[in-house]
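Numbering (this note's numbering), first residue to last: 76 to 249.
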């Protein structure tokens, strides 16, 4: 796999985004979502994020052979940490990679770009909310990029017959 190109998501990317997320919804507890959004629902989210001035990025790789196609192998976006106006300087990140993209630097490139975009936009804090099981790689990625653990909320969800909690990680921006 070649070095990823990190860019703004486009509507044509959303079927790949939906397929990546479908894996996490069906096969993991990395997200509390129990139904995967459709490409049309992702398009609504993309439009809403653009209206709110929030980034939605994809990682794209090109095949090694001349003329090879490119593939979206990951995505990352932010939401407001909380909807209350006093929380307008804090955002929550979400990042997901296709299983084939893990361990190749794609997550680092994608989350780094998301952090940079948010800092440039004037956000002051980024929060990562990670499930407390089966997310060791995401936890390592976040701490590698300067996030620090600030809390643990045990037993706040259940999925696939398992009790789940969340870790809260925080990074100052700017």
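The beta carbon of each residue, even a glycine, is placed where N, CA and C say it ideally should be.
- Of the candidates 122, 234, 187, 247, 234 places its Cα closest to the Cα of residue 207.
- Taking residue 129 as the centre and dropping the five residues before and after it, the same chain places the C-beta of 153 closer than 6 Å to its C-beta, in chain order.
- A contact is defined here as three or more CB-CB pairs under 8 Å, and the region 117-134 meets this definition with respect to the region 185-192.
- With fewer than 16 other beta carbons inside 10 angstroms of its own, residue 123 counts as exposed.
- Within the model, the alpha-carbon separation for residue 245 versus residue 87 is close to 32 Å.
- Taking C-beta separations shorter than 7 Å and ignoring five residues to either side along the sequence, the partners of residue 136 in its chain run 76, 77, 79, 145, 146, 148, following chain order.
- DSSP places residue 146 inside the beta strand (DSSP E), whose first and last residues are 145-155.
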